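Taking it in order: structure first as structure tokens, then the write-up.
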Amino acid sequence: KYVPKGSYSDNQKLVFSSKNQLAAALQLAAELIVTGTGVKVLHVTLGGFDTHYTEQARHGDLMGYLDAAVSAFHADLTAYGMADRVMIATWSEFGRRPQENASGGTDHGTAAPVILIGDPVKGGLYGQGPSLTKLDSSQNVAYTVDFRSVYQEILGSHLGVDGQDVLGSSFERI
């Protein structure tokens, strides 16, 4: 039987909810992993990052929400001796523009960070840091790592799958 060994707190106050729904989703993910269902890929979401307004006030809360949920998930998997088998990848379908808009937020942009978390991850910053002085013609930050290179690396290194079979092509190794 599965008993959570991470602190999946519902006490994290967030702008749009008083319950950490990401933590609840990750607790279910941990249960699926720990009980041996054989699941290989799980997808959970955290909304609220579409910060066209009052970004500065909301972003810290959102990152705290993410931190609390991921920390509980990792502690749970560690307690069950399974943290070395799990990787978390965060991504967004859009980046943010570097300039603040009139309502204290930022508008949709093109480049965004991808964060990989977990015991199997070789830590560090990959690619070049974003330049705030060399923007593209639409005033967006230019990306330096193709996201398909990241997916290819996850597929090959973590899941043991040929990235070319999934992505239809090969991309620069990270």
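Taken in order, the sequence shown gives residues 1 to 174; the numbers are from my numbering.
Just so you know, even glycine gets a beta-carbon here, dropped at the ideal spot from N, CA and C.
Note that the coordinates shown come from a computational prediction; the quantities given were computed from them, not determined experimentally.
Query                                                                                            : Result
Exposure label - Ile33; buried when at least 16 CB within 10 Å                                   : buried
Segment limits, beta strand (DSSP E) that includes Thr78                                         : Here Thr78 belongs to no beta strand (DSSP E); instead the alpha helix (DSSP H) covers Glu55 to Ala79.
Status (buried if at least 16 other CB within 10 Å, exposed otherwise) for Ile154                : buried
Burial state of Ala23 (16 or more Cβ within 10 Å)                                                : buried
The region 154 to 165 / the region 130 to 146 touching (three or more Cβ pairs under 8 Å)        : no
Stretch pair the region 82 to 91 + the region 114 to 126: three plus CB contacts closer than 8 Å : yes
Rounded separation between Gly104 and His158 - CA only                                           : 39 Å
Asp61 versus Tyr126 - alpha carbon distance                                                      : 26 Å
Secondary structure of Leu135, DSSP reduced to three states                                      : strand
His177 in three-state terms, based on DSSP                                                       : Any property of residue 177 remains undetermined from this structure, which presents the chain solely from 1 to 174.
Best match in Leu77, Ala102 and Ile174 for proximity to Gly124 [C-alpha to C-alpha]              : Ile174
Top-ranked residue by Cα proximity to Gln128, from His74, Ala69, Thr37 and Val141                : Val141
Boundaries of the beta strand (DSSP E) in which Leu116 is found, first to last residue           : Ile115 to Ile117
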